[in-house]
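In the numbering used here, the protein residues as written are 1129 to 1390.
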């Protein structure tokens, strides 16, 4: 196929792949279907459970289940097969939500969350990534960049190694500088926005979010991660992310009030 034909196909693909994030109204490019995305999420979560030790702490596990189910009840994720797993890794202060509602939390983040409300900040944020299809957005960008539009359908259908690596990076499980950061700063800010509303609607005090991000910033500073330039970070610098959270607080507080007085 000649260049003109390829360009025409690309224009058609891009025109048909426009979507909108419902909570914020932001336009995004999505070149893979929800079904493809969910298949990837279910498959990779099974592999993670086989590869990583699961925590046997009954109290922390029960807390994760409570928070997860409450956030899931207010999140708009069609056909989700919700599952919440606490991985035993005290050195990793992180969490993730794969397509299909597969949520993983590392025990290393629990000292930072401190309590159930702090954990709700994290779960709301990660579930927001999944609902807003940020991973699919990153997969779409990565496939266009690495494979080209012509190879997109074949690569995803055949689950080629190249496509799989791009997809894993896009969902925050294998991204690195020079390829793609797991999520863009814009997506992280959007997940903060949506996640704050989710925790409020689930009956968790949204004011805890500001304190959590301050503790997260202090942890990064203490462990040498706070001086990393913002453009190299998977998360915005913490002073950058806290301001929008504070600006959204009146709306979140109203959502929280409505949820707790029903």
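Ideal placement from N, C-alpha and C gives every residue a C-beta, glycine not left out.
*For residue 1220, collect the residues of the same chain with a Cβ closer than 7 angstroms to its Cβ; drop the 5 residues on either side in sequence, then sort them by chain order.*
Numbered from 1 along the chain shown, position 92 holds the residue referred to as residue 1220. Once the five neighbours on either side are set aside, the close Cβ partners of residue 1220 are 1234, 1236.
*Exposed or buried, residue 1389, counting other C-beta atoms within 10 Å across all chains shown (16 or more means buried)?*
On the chain shown, residue 1389 is found 261 positions in, with the first residue counted as 1. When all chains shown are included, residue 1389 counts as exposed.
*Report the option in 1232, 1247, 1241, 1227 whose CA atom is closest to the CA atom of residue 1260.*
Numbered from 1 along the chain shown, position 132 holds the residue referred to as residue 1260. Checked all of 1232, 1247, 1241, 1227; the closest Cα to residue 1260 is 1227.
*Thinking C-beta only, is residue 1214 closer than 8 angstroms to residue 1192?*
Reading the chain shown from its first residue, position 64 is the one you call residue 1192. Reading the chain shown from its first residue, position 86 is the one you call residue 1214. Taking 8 angstroms as the Cβ cut-off, residue 1192 and residue 1214 qualify as a contacting pair.
_Backbone CA spacing between residue 1156 and residue 1148 [nearest angstrom]_ = Taking the chain shown and counting its residues from 1, the one referred to as residue 1156 is at position 28. Taking the chain shown and counting its residues from 1, the one referred to as residue 1148 is at position 20. Their backbone Cα atoms lie some 6 angstroms apart in a straight line.
*Using the C-alpha atoms, what's the distance from residue 1217 back to residue 1207?*
Counting from 1 along the chain shown, the entry for residue 1207 is found at position 79. Counting from 1 along the chain shown, the entry for residue 1217 is found at position 89. Looking at the two C-alpha atoms, the distance is approximately 29 angstroms.
*asked:* Considering only DSSP beta bridges, list what residue 1148 is partnered with.
replied: On the chain shown, residue 1148 is found 20 positions in, with the first residue counted as 1. Answer is 1155, bridged to residue 1148.
*asked:* Taking only three categories from DSSP, how would you classify residue 1391?
replied: Here the chain covers residues 1129 to 1390 and nothing more, so residue 1391 does not appear.
*What separation, rounded to the nearest whole angstrom, lies between the Cα atoms of residue 1315 and residue 1342?*
For this step, residue 1315 is matched to residue 187 along the chain shown. For this step, residue 1342 is matched to residue 214 along the chain shown. The alpha-carbon atoms of residue 1315 and residue 1342 are separated by roughly 20 angstroms.
*Thinking C-beta only, is residue 1264 closer than 8 angstroms to residue 1165?*
Here residue 1165 is taken as the residue at index 37 of the chain shown, counted from 1. Here residue 1264 is taken as the residue at index 136 of the chain shown, counted from 1. Contact flag set, yes.
_Along the chain, where does the beta strand (DSSP E) containing residue 1232 start, and where does it finish?_
Position 104 of the chain shown, counted from the first residue, corresponds to residue 1232. Taken as a continuous stretch (DSSP letters only), the beta strand (DSSP E) holding residue 1232 covers 1230-1234.
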